[in-house]
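**Student:**
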Amino acid sequence: MRINSFKIITPLLLVLSTSNVMANNSSGTINFNGEILSTSCTLLTQNINVELPKINKTDLPKLNMLPKNVTSKNSKPFEIILQDCGDNNKTVDVTLKSNKVMDRHSHIMLNLNTSPSAAKDVGITINVNELENKESIKLDGSKPLTKKITDKKAIYKFTANYVSTGNNPTSGIVTTQATFDIVYK
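The sequence shown begins at 1 in this note's numbering and counts up one residue at a time.
1. The beta strand (DSSP E) spanning F78 covers which residue range?
2. Taking buried to mean at least 16 other C-beta atoms within 10 Å of its own C-beta, is P169 buried or exposed?
3. Please report the straight-line C-alpha distance between L82 and T179, rounded to a whole angstrom.
4. What does a CB cutoff of less than 7 Å around S164 pick up in its chain, not counting 5 residues either side in sequence?
5. What are the start and end residues of the beta strand (DSSP E) that includes K143?
6. Report the CB separation of S142 from T125 in whole angstroms; it is logged as a contact under 8 Å.
7. How many Å lie between D140 and G86 at the Cα?
8. Are the CB atoms of L112 and T187 within a distance shorter than 8 Å?
9. Excluding the 5 residues preceding and the 5 following N167 in the sequence, name in chain order all residues of the same chain whose CB lies nearer than 8 Å to its CB.
10. Quick check on T159: buried or exposed, where buried means 16 or more other Cβ atoms within 10 Å of its Cβ?
11. Going by DSSP, what residue range makes up the beta strand (DSSP E) through L110?
12. What residues in its chain sit with their C-beta under 7 Å from that of D84, if we drop five residues either side in the sequence?
13. Given the structure, does I173 come close to the ligand NAP, in the sense that its CB is under 7 Å from one of the ligand's heavy atoms?
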């Protein structure tokens, strides 16, 4: 008799469990969001090489006297030029970054050259020519430089400068690197 009760309970449990699953069926919504931007600009030069002038080590600005109004003696101007920008581009941001900066001074790029002919205690800063005091910028990507597109162009003007990073700079070769990112708005 026990066997008969098992046969009746098993089909009953199957029916109850199936109806429970059917009762929990539900539906949902998928939301899609996006943004269409106008045509991006063309970068005139992707890899920019800045050849700073040869200077005497006695002409290096000291770390605590970073150049504000740069002199042609230890600096070199350069530009990031965006052209062929779409009509609807109102502004464009550029950020600069370097992986090899001084800890306390993220606006000073350290010398990457490790050869015997490398200069010691010498770095390079990048100053923004359009800023009122032409200050050097932090190279951590935290401060975007915004430009309005004019005549389908945006030109960012900078100056690279030598700077002493220690008390006893030596003569030699200085090589460093920064990257830039462009964000269209």
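Glycine included, C-beta positions come from ideal geometry on N, C-alpha and C.
**Tutor:** Reading from the atomic positions:
1. 75 to 83
2. buried
3. 15 Å
4. L60, P61, K62, L63, D121, V122
5. No beta strand (DSSP E) contains K143, which DSSP labels as neither H nor E.
6. Not a contact, Cβ separation roughly 16 Å.
7. 28 Å
8. Residue 187 lies beyond the range of the chain shown here (1 to 185); nothing can be said about it.
9. D121
10. buried
11. 108 to 110
12. C41, T42, K152
13. The ligand NAP is not part of the structure shown, which contains no ligands of any sort.
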